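Report on one structure; see the data block that follows.
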Amino acid sequence: MKRNRHIRKFWSGLLALPFLMAACTLHEEPELTADGELGVDPTEVNVEVNLTLDLNLPEQGNEENSSARVSANTDYLHRFIVEAYFNRQPVARQVFVENITDRTHLSLPVSMKLHARSYQLVVWKDYVSAETPEEDLHYNTQSLVPVIPNRASHTGNTEYKDVFVGTTSLDLTAYADQWGAVVEQDVTLQRPVARYELIATDVADFLQRVADGEVNGETFTARIKYSGYLPVGYNALDNVPKHSLMYMQYNTSFELPEEGTDELRVGFDYVFVSNEGSASVPMEIEIVNEENVTVANSVLNVPLERGKNTVWTGEFLTGDDQGGQGGDEPGEDEGGIGIDPDYDNETDLGVTVE
């Protein structure tokens, strides 16, 4: 494997053999040919697929504020999985990786050989480790119907959960009598997820409580607990969230902020959202010290929009919420919690992020 190559394909072939170095092949059930005999149309069509995606992520409520979440990084790679489905069964797969650079828009060519049939093309894009690009990182992709998490515990606070998906119909039946025909197909990938980040705006009050002896500790943990069913998987063929689970939780550790700190990010995550485009996710934020003593608690509903980032602000370090919730609409501010559409995403102090 040459590291200096821009795109590296490291396996392709049948879905049943996803980790073998093999040519992209097909397995189809016999049917009647044009001569009335039982067989499989041997025609091969060269399909040239052009994948495009925009890595920028706009802020909810502020379309002009948009940024790319992942910059150049040699520890991880973009991974693309392209599958062709015939009668809802995967018959061909290609997987390749690409280096992460500072580019915000990607346009990549993919070549596949397919019989003259009608297919559904499905493309999944996520991240893998550069050291083990053949292994799943956050999502188990042995099947794209559905993709499920690669581990039992929930993972948050990592930009490498960001994913893209794209589907399109591909009818090649018109090429049944043409050997070696070339067909071009464009597929634009979109995020099936929404991103949110939780920003504490009460750092000064928190530090004062520590100074007054009301709160003890030097290192603290924010426990972000999802209160209802959370979709943690995705059916890429049907383009819908799947595999909803309860009691999902992730943690963030942070040191006692320095004096003068105004805001602190206590957590962020990517959440699958349906084609309807929006969702409201109930969650609880609990802050504990090294001795596992709860020093603050907040309960809220975070409105999410597919393909966008929501910045949710509140008094998460000093709150004592016994059931009140933040507003359900962008801009509402009930109980000291709300969305800041003008947040510039530059404050990220004292938080340990994966």
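In our numbering, the protein residues as written are -17 to 336.
Even glycine gets a Cβ: it sits at the ideal position worked out from N, Cα and C.
Please read these numbers as outputs of a predicted model, since none were measured by experiment.
Residues bridged to residue i (per DSSP)
i, result
"residue 223", "216"
"residue 131", "121"
"residue 136", "Partner(s): none; residue 136 has no beta bridge."
"residue 173", "DSSP lists no partner for residue 173."
"residue 148", "105"
"residue 207", "231, 266"
"residue 201", "237"
"residue 247", "181"
"residue 55", "82"
"residue 34", "89, 170"
"residue 256", "Answer by DSSP bridge pairing: none, since residue 256 is not bridged."
Own chain residues within Cβ distance below 8 Å of residue i, not counting five before or after
i, result
"residue 198", "192, 271, 273, 275"
"residue 111", "57, 58, 59, 117, 119"
"residue 248", "180, 181, 182, 204, 206, 234, 236, 267, 269, 298, 299, 333"
"residue 55", "82"
"residue 86", "36, 37, 38, 50"
Spatial distance of residue i from residue j (CA atoms)
i, j, result
"residue 300", "residue 188", "6 Å"
"residue 145", "residue 118", "13 Å"
"residue 229", "residue 211", "8 Å"
"residue 209", "residue 95", "47 Å"
"residue 253", "residue 218", "15 Å"
"residue 141", "residue 264", "21 Å"
"residue 256", "residue 172", "12 Å"
"residue 161", "residue 153", "16 Å"
"residue 222", "residue 216", "6 Å"
"residue 168", "residue 277", "53 Å"
"residue 296", "residue 92", "46 Å"
"residue 155", "residue 99", "5 Å"
"residue 97", "residue 139", "43 Å"
"residue 201", "residue 250", "19 Å"
"residue 290", "residue 26", "40 Å"
"residue 30", "residue 165", "6 Å"
"residue 10", "residue 101", "Because the pLDDT of residue 10 is 49, which lies under 50, any placement of that residue in the model is unreliable, and the number read from its coordinates should be weighed accordingly. So the alpha carbons of these two residues sit roughly 12 Å apart."
"residue 227", "residue 213", "6 Å"
"residue 184", "residue 43", "23 Å"
"residue 75", "residue 292", "35 Å"
"residue 35", "residue 243", "37 Å"
"residue 53", "residue 84", "5 Å"
"residue 176", "residue 63", "21 Å"
"residue 322", "residue 294", "With a pLDDT of 45 at residue 322, under the threshold of 50, the modelled position of that residue is not reliable, and no figure is offered here."
"residue 246", "residue 280", "15 Å"
"residue 174", "residue 303", "32 Å"
"residue 122", "residue 106", "12 Å"
"residue 115", "residue 231", "27 Å"
"residue 113", "residue 148", "27 Å"
"residue 195", "residue 178", "33 Å"
Unbroken alpha helix (DSSP H) run spanning residue i, endpoints
i, result
"residue 191", "185 to 193"
Sequence-distant residues of its chain with Cβ nearer than 7 Å to residue i (five each side left out)
i, result
"residue 241", "189"
"residue 125", "none"
"residue 224", "128, 213, 215, 216, 217"
Endpoints, the beta strand (DSSP E) within which residue i is located
i, result
"residue 87", "87 to 97"
"residue 79", "71 to 82"
"residue 285", "276 to 287"
"residue 38", "38 to 41"
6 Å Cβ shell around residue i - same chain, five flanking residues per side excluded
i, result
"residue 90", "33"
"residue 40", "48, 290"
"residue 163", "27, 157"
"residue 127", "217, 219"
"residue 150", "103, 169"
"residue 61", "79, 108, 110"
"residue 238", "200"
"residue 88", "35"
"residue 130", "122, 215, 225"
"residue 143", "120, 252"
"residue 159", "none"
Chain D contact for residue i (CB, 7 Å cutoff)
i, result
"residue 126", "Here there is only one protein chain, and chain D is not present."
ask   = Between the stretch 131 to 140 and the stretch 62 to 80, do at least 3 Cβ pairs fall closer than 8 Å?
value = no
message = With a threshold of 8 Å, are at least 3 pairs of Cβ atoms found where one atom belongs to the stretch 283 to 291 and the other to the stretch 251 to 260?
response = yes
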